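Beneath this line is the structure, given in structure tokens, with notes to follow.
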Amino acid sequence: MRGVTIDDVREYVAELPRSYEVFVRGRVKFRVGQIVWLAFSKDETMMGFAFPKEERPLLVQTWPEKFMYPRPTDMRFNWVVARLEALTRAEMEEYVFDAWRMVVPKRVAAEEISASVLRGNPRLPGTAA
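In this note's numbering, the protein residues as written are 141 to 269.
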């Protein structure tokens with residue numbers, strides 16, 4: 141397993157409605173409106189993303205080689221951090237898509253799922269090639 145890179149994530153995120161890339165204090169981040177839902181460490185080896193706070197302990201404790209808690213000042217947010225080298229492409233797509241769904245209106249997410257199914261390229265968790 142080679143893991144994924146920031147370029148793999150950029151490629152996947154490129155078509156997600158309402159999402160756009162910004163560069164803030166030396167870090168690549170993705171926003172929907174003013175909400176940051178995906179961010180990378182300066183060295184681009186770690187990816188923070190929107191994730192339900194109540195599910196975070198289970199994720200981090202189950203796969204400590206892949207996931208970690210955000211820094212203490214970010215624990216109040218719905219956020220978790222992944223080591224890119226430890227993720228498969230399919231895992232990255234699942235977590236990134238779910239993070240995006242957390243910040244867009246439900247209607248927008250439903251429209252993207254429907255449109256991608258019609259294109260024959262579903263953006264559903266676990267459907268990565």
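All residues carry an ideal CB built from backbone N, CA and C; glycine is no exception. Model, not experiment: these values are computed from the prediction.
By DSSP, does Val162 sit in helix, in strand, or in coil? As a working mapping, residue 162 is identified with position 22 in the sequence shown. Taken through DSSP and simplified to helix, strand or coil, Val162 comes out as strand.
What residue range does the beta strand (DSSP E) around Ala250 cover? In the sequence shown, counting from the first residue as 1, residue 250 sits at position 110. For Ala250, no beta strand (DSSP E) run applies; the uninterrupted alpha helix (DSSP H) run containing it begins and ends at Lys246 to Leu258, by DSSP.
So who's on the other strand from Leu178, going by DSSP bridges? Counted from its first residue, the sequence shown places residue 178 at position 38. According to DSSP, which records beta bridges pairwise, Leu178 is partnered with Phe170 and Phe189.
Where does the unbroken beta strand (DSSP E) through Trp219 begin, and where does it stop? Counted from its first residue, the sequence shown places residue 219 at position 79. Per DSSP, Trp219 belongs to the beta strand (DSSP E) from Trp219 to Arg223.
By the three-class DSSP mapping on this structure, what secondary structure does Met242 have? The sequence position of residue 242 within the sequence shown is 102, counting from 1. In the three-state reduction of the DSSP assignment, Met242 falls in the helix class, which pools H, G and I.
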